[in-house]
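In what follows, a structure is listed as structure tokens, so that the remarks can point back to it.
Residue numbers (my numbering), protein chains in the order written: chain Y, 46 to 317; chain H, 22 to 377.
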């Protein structure tokens, strides 16, 4: 028995502990090895599949590394101009109030060029989910400084490290939107370990259910890595994330509704 | 159902026209001289009657991107603004053109550049008819010359937008937006229940996913898309030219003017004829597509053409291209919010005649 046949015999549906979501397409993702985008895409696709949302989901993709997100998740998509996804999603959800509408945006898209659209969609309490990938860098354009680049962090436009006196401070936009009355659930997660992937997925599931109840805007920040932009191996980048990004962007809920299950909320609503 | 007659402002006619055209959504940001449009809509509360969504956005940038999102769902959506706001919208407009989405944009033009004035002007002509944002594209541009046309062109604009999957602009100005005239209101059209096959409304099992985008990294495929747009614009040029003629049959001298300037020139034609000068007027109703052929035909019959605009001379370039050197073409314009008077337009024609 040669090696190839050996593998074929092992890879059988009954032996698989892990399978690709049916909502993911067969397109090969263009992301660099170790990038958090692909993991986040996967859990998002899994939630869409598990919650039976494929026919109801409309995603808004950003400008940035995840610009081709619409090639990977098999739902209807709109590709927004840089930073404008929350405005685009606002109209979609208001015109199609029974659909599941979300944006997927990077830090440059959401916290620099799209700051106004982000803040105002959240403040109006649009019933959309915003998934915010924060890797502290402009990945697609080649590793320039982002609004979330942490002090001292090197990038191609802060080659000696971010000097906050010269370049300004990183913007903790998730903390800001958590203070707005329109947001219902604001949390910061990561996907750099299996345990964190599980937590992040749980957060997405919560947000999906809050949207069904029209509770207001949900924003999930995923603190992520950029091995290529950070000039590190995937393993190094995850270590660097843990040691440098997480102390500055601590994980956890910034705004969460009182702990009660969606079932309870639904029954409360029925009693109103 | 009988038509209703009402006295209203041009801006109010746009708002009423939107509700009656069966619009699904309006997204806008206040700016003078067109804020009555969103005020009228908020006062009318169409979400309680037709179900139309009305939202005041945080900026023109947000408004036009809301229009993008709504149009991507196959809905009849629109925004309105005035010159500085329309400049801010150019990013969204080019994305809408690039994604081939139908929508309606109304520009109630004021004088510029910059913050300029709040008085009427026609200085956004080139921006409107040549594209406005980056990339090769065109809007279909309608130029109303009355409050009635402000009302009628909303419905017409939506129809053209959906016929060609192309953004349509109503290029008005502060005079037509603010003045009051009687308007025959046509009956309410029901909001459309049909979903275009390209719209993003959630993917049923029966079809592939729909993607609204203007992105194409492969230059070969991008060029094929550009060629497709060119073909569409040529079809629009062949099919949708609209204009109006006033005393052109025996005219020796031709005015070309649109919107407010056309109203001035219509009076100027009368005044000139009282003095024995056989003047006529061609009023383009569509600025894109431009009435190239008809102007060229008329150029063969008249001695000279005077293009009258409230600008430094923008449409005159298209008049010259249409005339193709057959007869002299001149420009007369007022700027900065000034509207020419009929007698000064006649005087200018006389100077050209003597000069010629």
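Glycine residues also receive a C-beta, built at the ideal position from the N, C-alpha and C atoms.
Computed from a predicted structure; not experimentally measured.
Can you confirm whether residue i, when its beta carbon is compared against all beta carbons of chain Y, has any partner nearer than 8 angstroms?
{"i": "residue 116 of chain H", "result": "yes"}
{"i": "residue 123 of chain H", "result": "no"}
{"i": "residue 98 of chain H", "result": "yes"}
{"i": "residue 303 of chain H", "result": "no"}
{"i": "residue 48 of chain H", "result": "yes"}
{"i": "residue 74 of chain H", "result": "yes"}
{"i": "residue 236 of chain H", "result": "yes"}
{"i": "residue 210 of chain H", "result": "no"}
{"i": "residue 333 of chain H", "result": "no"}
{"i": "residue 157 of chain H", "result": "no"}
{"i": "residue 265 of chain H", "result": "no"}
{"i": "residue 221 of chain H", "result": "yes"}
{"i": "residue 112 of chain H", "result": "yes"}
{"i": "residue 255 of chain H", "result": "no"}
{"i": "residue 45 of chain H", "result": "yes"}
{"i": "residue 83 of chain H", "result": "yes"}
Rounded to the nearest angstrom, what separates residue i and residue j at their Cα positions?
{"i": "residue 184 of chain Y", "j": "residue 101 of chain H", "result": "36 angstroms"}
{"i": "residue 84 of chain H", "j": "residue 247 of chain Y", "result": "33 angstroms"}
{"i": "residue 145 of chain Y", "j": "residue 102 of chain Y", "result": "5 angstroms"}
{"i": "residue 83 of chain Y", "j": "residue 77 of chain H", "result": "36 angstroms"}
{"i": "residue 87 of chain Y", "j": "residue 114 of chain H", "result": "33 angstroms"}
{"i": "residue 201 of chain Y", "j": "residue 162 of chain Y", "result": "27 angstroms"}
{"i": "residue 314 of chain H", "j": "residue 367 of chain H", "result": "26 angstroms"}
{"i": "residue 237 of chain H", "j": "residue 230 of chain Y", "result": "35 angstroms"}
{"i": "residue 273 of chain Y", "j": "residue 282 of chain Y", "result": "9 angstroms"}
{"i": "residue 171 of chain H", "j": "residue 250 of chain H", "result": "28 angstroms"}
{"i": "residue 347 of chain H", "j": "residue 320 of chain H", "result": "6 angstroms"}
{"i": "residue 81 of chain Y", "j": "residue 178 of chain H", "result": "45 angstroms"}
{"i": "residue 216 of chain H", "j": "residue 322 of chain H", "result": "49 angstroms"}
{"i": "residue 336 of chain H", "j": "residue 343 of chain H", "result": "11 angstroms"}
At a Cβ threshold of 8 angstroms, is residue i touching chain H?
{"i": "residue 39 of chain Y", "result": "Given a span of 46 to 317 for chain Y in the structure shown, any question on residue 39 of chain Y remains unanswerable."}
{"i": "residue 119 of chain Y", "result": "yes"}
{"i": "residue 280 of chain Y", "result": "no"}
{"i": "residue 362 of chain Y", "result": "Only positions 46 to 317 of chain Y appear in the structure, and residue 362 of chain Y is not among them; the question remains open."}
{"i": "residue 99 of chain Y", "result": "yes"}
{"i": "residue 156 of chain Y", "result": "no"}
{"i": "residue 52 of chain Y", "result": "no"}
{"i": "residue 46 of chain Y", "result": "Note that residue 46 of chain Y scores 49 on pLDDT, short of 50, meaning its location in the model is unreliable; the coordinates nonetheless yield the value given after this. Cβ-Cβ to chain H under 8 angstroms: no for residue 46 of chain Y."}
{"i": "residue 222 of chain Y", "result": "no"}
{"i": "residue 150 of chain Y", "result": "no"}
{"i": "residue 115 of chain Y", "result": "yes"}
{"i": "residue 253 of chain Y", "result": "no"}
{"i": "residue 123 of chain Y", "result": "yes"}
{"i": "residue 162 of chain Y", "result": "yes"}
{"i": "residue 210 of chain Y", "result": "no"}
{"i": "residue 90 of chain Y", "result": "no"}
{"i": "residue 165 of chain Y", "result": "yes"}
Use the C-beta contact count for residue i: other C-beta atoms within 10 angstroms, 16 or more gives buried, fewer gives exposed.
{"i": "residue 76 of chain Y", "result": "buried"}
{"i": "residue 174 of chain H", "result": "buried"}
{"i": "residue 89 of chain Y", "result": "buried"}
{"i": "residue 34 of chain H", "result": "buried"}
{"i": "residue 24 of chain H", "result": "exposed"}
{"i": "residue 46 of chain Y", "result": "The predicted position of residue 46 of chain Y is uncertain, since its pLDDT is 49 and thus under 50; a value taken from the coordinates is nonetheless stated next. That one is exposed."}
{"i": "residue 240 of chain Y", "result": "exposed"}
{"i": "residue 259 of chain Y", "result": "exposed"}
{"i": "residue 116 of chain H", "result": "buried"}
{"i": "residue 237 of chain Y", "result": "buried"}
{"i": "residue 28 of chain H", "result": "exposed"}
{"i": "residue 372 of chain H", "result": "exposed"}
If residue i sits next to residue j, beta carbons under 8 angstroms apart, how far is it from one beta carbon to the other, in whole angstroms?
{"i": "residue 58 of chain H", "j": "residue 36 of chain H", "result": "5 angstroms"}
{"i": "residue 354 of chain H", "j": "residue 376 of chain H", "result": "With 8 angstroms as the limit, residue 354 of chain H and residue 376 of chain H do not qualify as a contact, their Cβ atoms being about 17 angstroms apart."}
{"i": "residue 274 of chain H", "j": "residue 299 of chain H", "result": "7 angstroms"}
{"i": "residue 180 of chain Y", "j": "residue 271 of chain Y", "result": "4 angstroms"}
{"i": "residue 208 of chain Y", "j": "residue 230 of chain H", "result": "The Cβ separation is near 45 angstroms, so there is no contact."}
{"i": "residue 212 of chain H", "j": "residue 71 of chain H", "result": "6 angstroms"}
{"i": "residue 223 of chain H", "j": "residue 121 of chain Y", "result": "6 angstroms"}
{"i": "residue 341 of chain H", "j": "residue 329 of chain H", "result": "Their Cβ separation, rounded to whole angstroms, is 14 angstroms, which puts residue 341 of chain H and residue 329 of chain H out of contact at 8 angstroms."}
Check whether the region 151-168 of chain H touches the region 277-296 of chain H, taking contact to mean three or more Cβ pairs, one atom from each stretch, closer than 8 angstroms.
yes
Any contact between the region 125-143 of chain Y and the region 77-92 of chain H? By contact I mean 3 or more CB pairs, one from each, below 8 angstroms.
yes
Stretch pair the region 152-160 of chain Y + the region 101-119 of chain H: three plus CB contacts closer than 8 angstroms
no
Cβ contact check for the region 290-306 of chain Y and the region 37-52 of chain H: 3 or more pairs under 8 angstroms
no
Within the chosen definition, does the region 160-173 of chain Y reach the region 114-127 of chain H through at least 3 CB pairs nearer than 8 angstroms?
no
Whether or not the region 195-206 of chain H and the region 143-161 of chain H are in contact is what I'm after, with contact meaning three or more pairs of Cβ atoms, one per stretch, closer than 8 angstroms; do they touch?
They do not touch, by the three-pair rule.
At a cut of 8 angstroms, does the region 255-268 of chain H reach the region 298-306 of chain H through at least three beta carbon pairs?
As far as the Cβ criterion goes, the region 255-268 of chain H touches the region 298-306 of chain H, which means the pair count is three or higher.
Using 8 angstroms as the Cβ pair cut-off and three pairs as the minimum, do the region 182-201 of chain H and the region 127-134 of chain H touch?
yes
Sufficient close CB pairs (3 or more, under 8 angstroms) joining the region 91-109 of chain Y to the region 61-70 of chain Y:
yes
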